[in-house]
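Following full-length UniProt numbering from start to finish, the sequence shown increments by one per residue and tops out at 301.
Contents: one structure, followed by commentary.
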Amino acid sequence: MSSKKTLLILAGGLGSRYKGLKQIDGILDNGSPILEYSIYDALEAGFSKVVIIVNRLIPQSYIERLNTISGKANFEFQWVYQEKESFLPEDFDASQRQKPWGTGHAVLCGKNAVREPFVMINADDFYGKEAYQLASEEIDLHISGLRFGMAAYPVEATLSGNGNVARGICILGDENYLISIVEQTTIRRQENSIVYTENGNDIKIAPETLVSMNFFIFHPDIFDILEVYFNDFIQSDPGLLEEFYIPSAVQRMIDEKKAKVLVKASPSQWMGVTYADDKSNIKDFLTSEIEKNRYPEDLWN
């Protein structure tokens, strides 16, 4: 059994379709953004350490809020800036680069802060209590340097009523091990079906098809592999908008047989805010969860 489990939260990205800094946008009157519900759920599931990868736009006041919360809730907390210079070769000129290097680089930025098995999540996705319980059990029983995990969700449960969504469709092999993640950027509900558009054609997808919502369960051995892969990415002379994505890195690990990824369907409800108008849906959902006594009205008091 693993003695320590860490929650690694990616909060360094800049959403292109959401008006505001959605990582720390409070949902209810208690002021807690989605990531605090994720922390609360992870602590309940036996996690004891939280590392958050942030960008320089995150206000210092919010970092101080989390420092206070970690003292109240008795968990280890560390934040790491995703600097565009981090893990770059000394002779690489990144002065023209504006965007962060992507989710794979964000995870790599946690290398010096995480030395135990960990769950990686997006700051602005709500994954539900059961996902963290599933992950905690996987860490205790199965996670190793050669075997990672993923909690995935039925595509039907991840749609937005406000527009298309991008989702990574999981292609699974024997015993639900991941073969590949196929990214589709135009998934939507159309009449009574779920479809995406490819080469001008609308293609139906079964509602129960599992998609990746970036809930990965990793062993710390991944950091050394990511460092090699990120260096390869940099040596390929990427364009100013190209990013080093964690799903692409995981795909390469699978292809090179450096790791296997067991995919399990999460029994919990996923919620997210791709668009600003999605916020009202998650507000209603959390209000309902509080009424069911699944969460206190104020998470930290």
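All residues carry an ideal CB built from backbone N, CA and C; glycine is no exception.
Since we're looking at a predicted model, the values are computed, not measured.
When DSSP labels each residue in this structure, what does residue i get in the three-state scheme?
{"i": "residue 312", "result": "The requested residue 312 is not part of the displayed model; the chain covers only 1 to 301."}
{"i": "K292", "result": "coil"}
{"i": "V54", "result": "strand"}
{"i": "F285", "result": "helix"}
{"i": "L159", "result": "coil"}
{"i": "P154", "result": "strand"}
{"i": "T68", "result": "helix"}
{"i": "Q190", "result": "strand"}
{"i": "I171", "result": "strand"}
{"i": "V165", "result": "strand"}
{"i": "I63", "result": "helix"}
Could you give the distance in angstroms between the alpha-carbon of residue i and the alpha-carbon of residue j?
{"i": "residue 303", "j": "Y245", "result": "Nothing can be reported for residue 303, as the shown portion of the chain is limited to 1 through 301."}
{"i": "P247", "j": "P296", "result": "34 Å"}
{"i": "S144", "j": "E191", "result": "44 Å"}
{"i": "K264", "j": "L241", "result": "32 Å"}
{"i": "Y18", "j": "T274", "result": "At Y18, the pLDDT of 43 sits below 50, so the modelled position is not reliable; the number obtained from the coordinates is stated separately. Taking the straight line from one Cα to the other gives about 7 Å."}
{"i": "T197", "j": "V250", "result": "25 Å"}
{"i": "D84", "j": "S95", "result": "This sequence places Lys at residue 84; Asp is not what is there. If you take the alpha carbons of K84 and S95, they lie about 9 Å apart."}
{"i": "I234", "j": "E90", "result": "12 Å"}
{"i": "Y229", "j": "D174", "result": "27 Å"}
{"i": "Q98", "j": "H105", "result": "14 Å"}
{"i": "L178", "j": "L141", "result": "19 Å"}
{"i": "L108", "j": "L226", "result": "6 Å"}
I believe residue i touches residue j by the beta-carbon criterion, under 8 Å. Please report the beta-carbon distance rounded to the nearest angstrom.
{"i": "V211", "j": "I171", "result": "Going by Cβ atoms, the distance from V211 to I171 rounds to 11 Å, so no, they are not a contact pair."}
{"i": "Q78", "j": "P100", "result": "About 19 Å; that fails the 8 Å criterion."}
{"i": "S128", "j": "S268", "result": "Per the sequence shown, the amino acid found at residue 128 is Gly instead of Ser. Contact flag correct, Cβ pair sits at about 2 Å."}
{"i": "V155", "j": "I121", "result": "Wrong, their Cβ atoms sit about 19 Å apart, outside the cutoff."}
- Secondary structure, beta strand (DSSP E): runs of 3+ residues fully inside the segment 92 to 153: As for any beta strand (DSSP E) of minimum length 3 sitting wholly inside the segment 92 to 153, the runs are 118 to 122, ordered along the chain.
- Message: Taking contact to mean 3 or more Cβ pairs, one atom from each stretch, closer than 8 Å, check whether the segment 103 to 120 and the segment 26 to 35 are in contact.
- Response: Fewer than three pairs of CB atoms, one per stretch, sit closer than 8 Å, so the segment 103 to 120 makes no contact with the segment 26 to 35.
- Message: Can you confirm whether the segment 45 to 61 touches the segment 152 to 169 when touching is taken to mean that 3 or more C-beta pairs between the two stretches lie within less than 8 Å?
- Response: Contact check between the segment 152 to 169 and the segment 45 to 61: fewer than three CB pairs, one atom from each, fall below 8 Å, which does not count as touching.
- Item | Segment contact flag, the segment 32 to 44 with the segment 282 to 296, C-beta cutoff 8 Å, min 3 pairs | Segments in contact, yes.
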